[in-house]
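No gaps in the numbering here: position 32 of the sequence shown is 25 in my numbering, and each next residue is one more. Below is one structure; the comments refer to it alone.
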Amino acid sequence: MSKLEPGTESWLEQVQEDIIDPDRPIIDPHHHLWRKRFGRDYLLEELWRDTGSGHNVVKTLFMECSAFYLREGP
C-alpha cells in the first residue's frame, strides 16, 4: 500500500461529506486560493468544484492578508 501525501487528490478523496440538507443555503466564512502551495494549486476551478459538490453554497468570502506582500523575506 502506498503512503498518501497530504493535499494530493487521492488523499482528499478519502473522505466524502454527506449532503444532509441540500436546500439549506450556506455562506462559507472564508476560502483561500493559492498557486503551487503544498505542491498543488487551489484556484477558482477547484473552489467551484468543491462548492458545487451538492452543498448549497451561495456565497463565500475571499480575503488574503499579506500573502506575497514581499518578493523576498518572511
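For glycine and all other residues, C-beta sits at the position ideal for the given N, C-alpha and C. Keep in mind it's a predicted model, so treat the numbers as computed, not measured.
The DSSP-derived three-state label of D43 is helix.
DSSP places L5 within a helical segment (H, G or I) once states are collapsed to three. Leaving aside the five residues that flank Q7 on each side, the residues in its chain whose CB is nearer than 8 Å to its CB run, in chain order, L(-3). Under DSSP, D34 takes part in no beta bridge, so it has no partner.
In the same chain as R17, and ignoring 5 residues on each side of it, the C-beta atoms closer than 7 Å to its own belong to N49, in chain order.
A straight-line Cα-Cα distance of about 25 Å links D11 and R33. Linking H24 to P(-1) through their CA atoms gives a straight-line distance of about 18 Å.
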